[in-house]
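Enquirer: Take the sequence shown: its letter number 107 is residue 107 in the UniProt record's numbering, and every next letter is one higher.
We put the beta carbon where it would ideally sit given N, CA and C, even for glycine.
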Amino acid sequence: MVNSPQQLTTQAYLFNTGQGFASQDYFGCHFVDATHVTFRVWAPQAKAVAVVGSFNDWQATPLTLDCSTGIWAGTLTTVQAGDLYKFQVTSQTGDVQLKIDPFAQEFERKPGDAAVVLAEQPMHWHDSLWLARRHKSKPQNRPINIYEVHLGSWRRHADDSYYTYAELADELIPYVKGLGYTHIELMPVMEHLLDASWGYQQLGYFAPTSRFGHHADFLKFVDRCHQANLGVIVDWVPGHFIRNYDALYQYDGTPTFEYADEDRANNRRWGAWNFDLGKTQVQSFLISSALYWLSTCHLDGLRVDAVSNMLYLDYDEGREGQVNQYGDNRNLEGIAFLQKLNTEVFAHHPDILMIAEESSSYPQVTGMVADGGLGFNYKWNMGWMHDTLDFFEMDPLYRCDHFNLLTFAFVYMFDEQFILPFSHDEVVHGKKSLMHKMPGDRYNQFANLRTMMTYMAAFPGKQLNFMGSEWGQYLEWRDWSQLEWVDLDDAMNAHMQQFTTALNTVYHAKRPLWELDHEAAGIKYTYTDDPASSTMVFIRQAKRKYSFVIAAFNFVPVERRQYRIGVPYPGTYELLLNTEDQTYGGTWTKLETTFTATDQPFHGQPASFEVTLPAMGALLIQPHKVKGESKK
Numbered sequence: 001m002v003n004s005p006q007q008l009t010t011q012a013y014l015f016n017t018g019q020g021f022a023s024q025d026y027f028g029c030h031f032v033d034a035t036h037v038t039f040r041v042w043a044p045q046a047k048a049v050a051v052v053g054s055f056n057d058w059q060a061t062p063l064t065l066d067c068s069t070g071i072w073a074g075t076l077t078t079v080q081a082g083d084l085y086k087f088q089v090t091s092q093t094g095d096v097q098l099k100i101d102p103f104a105q106e107f108e109r110k111p112g113d114a115a116v117v118l119a120e121q122p123m124h125w126h127d128s129l130w131l132a133r134r135h136k137s138k139p140q141n142r143p144i145n146i147y148e149v150h151l152g153s154w155r156r157h158a159d160d161s162y163y164t165y166a167e168l169a170d171e172l173i174p175y176v177k178g179l180g181y182t183h184i185e186l187m188p189v190m191e192h193l194l195d196a197s198w199g200y201q202q203l204g205y206f207a208p209t210s211r212f213g214h215h216a217d218f219l220k221f222v223d224r225c226h227q228a229n230l231g232v233i234v235d236w237v238p239g240h241f242i243r244n245y246d247a248l249y250q251y252d253g254t255p256t257f258e259y260a261d262e263d264r265a266n267n268r269r270w271g272a273w274n275f276d277l278g279k280t281q282v283q284s285f286l287i288s289s290a291l292y293w294l295s296t297c298h299l300d301g302l303r304v305d306a307v308s309n310m311l312y313l314d315y316d317e318g319r320e321g322q323v324n325q326y327g328d329n330r331n332l333e334g335i336a337f338l339q340k341l342n343t344e345v346f347a348h349h350p351d352i353l354m355i356a357e358e359s360s361s362y363p364q365v366t367g368m369v370a371d372g373g374l375g376f377n378y379k380w381n382m383g384w385m386h387d388t389l390d391f392f393e394m395d396p397l398y399r400c401d402h403f404n405l406l407t408f409a410f411v412y413m414f415d416e417q418f419i420l421p422f423s424h425d426e427v428v429h430g431k432k433s434l435m436h437k438m439p440g441d442r443y444n445q446f447a448n449l450r451t452m453m454t455y456m457a458a459f460p461g462k463q464l465n466f467m468g469s470e471w472g473q474y475l476e477w478r479d480w481s482q483l484e485w486v487d488l489d490d491a492m493n494a495h496m497q498q499f500t501t502a503l504n505t506v507y508h509a510k511r512p513l514w515e516l517d518h519e520a521a522g523i524k525y526t527y528t529d530d531p532a533s534s535t536m537v538f539i540r541q542a543k544r545k546y547s548f549v550i551a552a553f554n555f556v557p558v559e560r561r562q563y564r565i566g567v568p569y570p571g572t573y574e575l576l577l578n579t580e581d582q583t584y585g586g587t588w589t590k591l592e593t594t595f596t597a598t599d600q601p602f603h604g605q606p607a608s609f610e611v612t613l614p615a616m617g618a619l620l621i622q623p624h625k626v627k628g629e630s631k632k
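1) In the DSSP assignment, what residue or residues form a beta bridge with Gln541?
2) Per DSSP, what kind of secondary structure is Lys632 in: helix, strand or coil?
3) Taking the C-alpha atoms as reference points, what is the distance between Leu613 and Ala552?
4) Work out the CA separation of Thr17 and Gln7 for me, nearest whole Å.
5) Shortest alpha-carbon distance to Tyr525 belongs to which of Tyr85, Arg442, Phe410?
6) What's the C-alpha gap between Asn266 and Ala272?
7) Under 6 Å Cβ to Cβ from Gln88, same chain only, skipping five residues before and after it: list those, please.
8) According to DSSP, is Phe107 helix, strand or coil?
9) Can you check whether the CB of Val304 is closer than 8 Å to the CB of Ala356?
10) Here's the rule I'm using: 16 or more other beta-carbon atoms within 10 Å means buried, otherwise exposed. How should Tyr13 be labelled?
11) May I ask which residues mark the beginning and end of the alpha helix (DSSP H) holding Asp390?
12) Would you tell me roughly how many angstroms separate the C-alpha atoms of Pro188 and Val234, rounded to the nearest one?
13) Apply the 10 Å Cβ neighbour rule to Lys632 and answer buried if 16 or more other Cβ atoms are within range, or exposed otherwise.
14) Please report the residue range of the beta strand (DSSP E) in which Tyr85 lies.
15) Starting from Trp198, trace the alpha helix (DSSP H) in both directions and tell me its first and last residue.
16) Distance check for Pro568 and Asn448, CA to CA, integer angstroms please.
17) From the DSSP output, which residues share a beta bridge with Met190?
18) Cβ of Val189 within 7 Å of any heavy atom in the ligand GTP?
19) How long is the line joining the alpha carbons of Thr579 and Tyr147, rounded to whole angstroms?
20) Given that a residue counts as buried once 16 or more other Cβ atoms are within 10 Å of its Cβ, and exposed if not, what is Trp477?
21) Could you have a look at Asp328 and say whether DSSP puts it in helix, strand or coil?
22) Please work out which residues of its chain come closer than 7 Å, Cβ to Cβ, to Ser108, disregarding the five sequence neighbours upstream and downstream, and give them in chain order.
23) When the Cα atoms are used, what is the spatial distance from Thr159 to Gln482?
24) Looking at C-beta atoms only, is the number of pairs between the segment 209-229 and the segment 173-193 that lie closer than 8 Å three or more?
25) Measure the alpha-carbon distance for Ile352 versus Asp300 and round it to whole angstroms.
26) What residue range is occupied by the uninterrupted alpha helix (DSSP H) comprising Gln497?
27) Ends of the alpha helix (DSSP H) at Gln281?
28) Hey, would you say Gly204 sits closer than 8 Å to Ala104, going by beta carbons?
29) Decide if residue 633 is buried, meaning its Cβ has at least 16 other Cβ atoms within 10 Å, or exposed.
30) Buried or exposed for Phe408, please, with buried defined as at least 16 other CB atoms from any protein chain shown within 10 angstroms of its CB.
31) Does the pairing of the segment 513-520 with the segment 535-550 give three or more beta-carbon distances under 8 Å?
32) Below 7 Å CB to CB, which residues in the same chain sit around Thr69 once its five sequence neighbours on both sides are set aside?
33) Would you mind working out which of Val237, Phe241, Asp530 sits nearest His402, comparing C-alpha positions?
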């Protein structure tokens, strides 16, 4: 909390110069003491600003302008915790508009959008052990397996009402933990009005949505996740904001948070307004928001939405041909903002995740800012996702002619630090669910899905799956109703859920599948381009010489007997996972569990063994006792 005159002057200066990275402690509504509450808002071009709320019968109480800072402020004595309020802004032309508090940390439940006065009550956290573990190791060398969730449609009550944060903590956390995931990624929980926006049309950049409870309830949800050894990532949207006129748009009667050029301000594709990322006050606002979620709310990462929209001047519809002063289409302000954002975030939290949802080939998204990169430490691998889904959606008869869909990703897999996403965007708007995308009858759809999921687990990169895919929900995702939990009454769906748990368990336990995700030493290519048989084999390597996992895939429904696999050492090997195990809905009632490799070279490896590669299936195999490995 900021109180002294010197602190106030400093905070106003920092905010206006783009260096105020805890601006929520200064702006908004804050108790000075038990009986005095101060309101502050930035509206430099306004003719007048007042606060209205339940404490003054929604009648205007004027605020005073500091002309040198553009900040309006006033202190009231009739305000209590839980009261609602807005700012009444009068423009230079005399127009009067009720506006939200941009720095509010809680809003009333929709359809209202008044801010809530919060008492200064510190959160008592219980996640020190989690934070200490997070700080000890780099995310690059940890298993990261993310379960993406839309809280409003994961589960609902029988009357279709939302679960609360507390109820989600009771049910979602043990469910995700039981499946073997390491992180939960929440689609935006920042306050928003329109359910159909899924949270990406944000209203409150410092406020968890009140749909599921109060601000304090959200913090307790995060605390519960950490106590269960689950990380929490939240989608965050710094590029654009909700179009509503009572929100940030023309806040003081002129372009305040958005670009002054209406063509640049207007985001036609998403029906929103673009932030002016070159404006210093906007930089303070957005970086304060990011650090608020990471510091005050203890989040473990932010997935930054729509990065491409911030990188290119011509990304939106109707803006083709726009260029900068150098004659190219880069948005120089957006690039500089992202570099500044990541520099500040990692200066405060070097152990968190900053993930770019970026769909172009822009270079060095995860490169260091000092080297000209954007400074993220992860990027969604959208190319891998689209190519993989295109391949698996294809009739197996034709896959042999399109093996490049799989092999092309091997060319650029280490260009960035990638997360492999099967996200919500791929199972909505008529795209079908992952299970429904798969070809063939229902049995073959599940066989394909198990193989594709195993391919993701074995491929270099961290991974993300959207809710419902863990059991192969048939219907595509609908934000207005809960998942089809009734599916689990069907044996095939229940087996798929068991398979997901088994695959996640193997992934988490086996260091070769994640320890060297971003280094060429982490993979050996043995048989990655065999269109004739539509099979693939590669080896994932850990730091320890004899710690590796062999991943073998058969992408057609034809069993391959006496299929030879090249390995680094002779000796005995053991099965980790067979996707056609009857336990997971497959047809194999008796598994080959051990394999003996001899000194017969094969595909560049000095030793090899034979397996039966299941039709439309995959095997994960590890060394048991091989030549050269010490008994210790």
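Expert: This is what the structure gives:
1) Phe548
2) Low per-residue confidence applies at Lys632: pLDDT is 47, beneath 50, and the placement is therefore not dependable, though the value from the model is reported in the following sentence. Coil.
3) 8 Å
4) About 15 Å.
5) Phe410
6) 7 Å
7) Ala50, Val52, Ala60, Leu98
8) Strand.
9) yes
10) exposed
11) 382-393
12) 6 Å
13) The predicted position of Lys632 is uncertain, since its pLDDT is 47 and thus under 50; a value taken from the coordinates is nonetheless stated next. When all chains shown are included, Lys632 counts as exposed.
14) Taken as a continuous stretch (DSSP letters only), the beta strand (DSSP E) holding Tyr85 covers 84-90.
15) It is not in any alpha helix (DSSP H) - Trp198 carries neither H nor E in the DSSP assignment.
16) Cα to Cα, Asn448 sits roughly 29 Å from Pro568.
17) Answer is Pro208.
18) Inclusion of the ligand GTP in the displayed structure is not the case, the ligand content being empty and no account of it being possible.
19) 21 Å
20) buried
21) Taken through DSSP and simplified to helix, strand or coil, Asp328 comes out as coil.
22) Note that residue 108 is Glu in the sequence shown here, rather than Ser. Closer than 7 Å at Cβ, skipping near neighbours: Leu84, Ala114, Val116, Ser210.
23) The sequence given here has Asp at residue 159, not Thr. Their Cα atoms are separated by approximately 11 Å.
24) yes
25) The alpha-carbon atoms of Ile352 and Asp300 are separated by roughly 5 Å.
26) 491-509
27) 280-291
28) yes
29) Not covered by the structure: residue 633. The range shown for the chain is 1 to 632.
30) exposed
31) yes
32) Ala12, Asn16
33) Among Val237, Phe241, Asp530, the Cα nearest to that of His402 is on Asp530.
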